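Using this note's numbering, read the sequence shown as starting at 6 and increasing by one per residue.
Built from N, CA and C at the ideal position, the CB exists for glycine as well.
This one's a predicted model, so the numbers in the text were calculated from it and none came from an experiment.
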Amino acid sequence: MGIVSSGFFGRGRRDDPALPPGQHLTDGFPVLSAGPTPRITPEEWEFTITTETGQVHRWSWTEFLALQQDDVSRDIHCVTSWSKLGTSWRGVSLDTLFESVESDCEFTMAHSYGGYTTNVPLDDLLDGKAWIAHEFDGEALEPAHGGPARLLVPHLYFWKSAKWVRGLEMLRQDEPGFWESNGYHMYGDPWREERYW
């Protein structure tokens, strides 16, 4: 195969209808990151949504935890071919966060502490499809997995679920984030195997 490691090619579906094409089950929770792990305390953390007009909606950790919390069980699928079924999360729905946000944009860019970015259409964040998660399996989200909080968009490949998320920027047109600029698919539907351009 040359310069690409075998971990990027998957091991087949194993005839499990819960698995998208090219995925295999894992019992663990592999850690994959595009850089060093930021160490952000809850006291330092804040989340923002910035509209196309420059209006900034801002939540501190305390304000974030005071919002309605959802318990979510979803399957997650990594572009490197592992899938983990029935994962348990706790967080705030993007529907809740967008209640007071006015925007005509159809696209967003997620920004993380540490500089990571990924693009997600607004439709894929609303209607019960996405959360800002701060617990995994009943415990505070570990820094290695994106704590204190990460974006959770489980119906797309997991690189879209930005770790250490700090905000969303509303965009008038779709733009590539970090991995999208480096050859990953602009959308990332695991059921269509939208891994790469």
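Taking a 10 Å sphere around the C-beta of M191, we find fewer than 16 other C-beta atoms and assign the residue as exposed.
Take the alpha-carbon of G188 and the one of W202: they are about 6 angstroms apart.
When secondary structure is reduced to three states using DSSP, A115 falls in the strand class.
Shown here for S108: same chain residues with a beta carbon closer than 7 angstroms to its own, the five before and five after excluded, namely T56, E57 and M175 in chain order.
Distance check between V158 and each of V77, P25, A23 and H29 places V77 closest, using alpha-carbon atoms only.
Taking the Cα positions, E185 is about 8 angstroms away from N124. Short of 6 angstroms from the beta carbon of S93, and not among the five residues preceding or following it, lie these beta carbons of its own chain, in chain order: S78 and D142. By the CB criterion at 8 angstroms, G182 and T122 fall inside the cutoff. Here the region 58-65 does not lie against the region 80-92, with fewer than 3 beta-carbon pairs under 8 angstroms apart. In the three-state reduction of the DSSP assignment, W136 falls in the strand class. The region 25-101 is shown to contain whole alpha helix (DSSP H) runs of 4 or more residues at 66-70, in chain order. No residue range can be given for E147, since it is assigned to no beta strand (DSSP E) and is classified by DSSP as neither H nor E. Around the beta carbon of L24, a 10 Å sphere encloses 16 or more other beta carbons of the protein chains shown; the residue is thus reported as buried. The three-state reading of DSSP puts R197 in helix, counting H, G and I together. Sequence-distant Cβ neighbours of P35 in its own chain, meaning closer than 8 angstroms and more than five residues away, are C83, T85 and W87.
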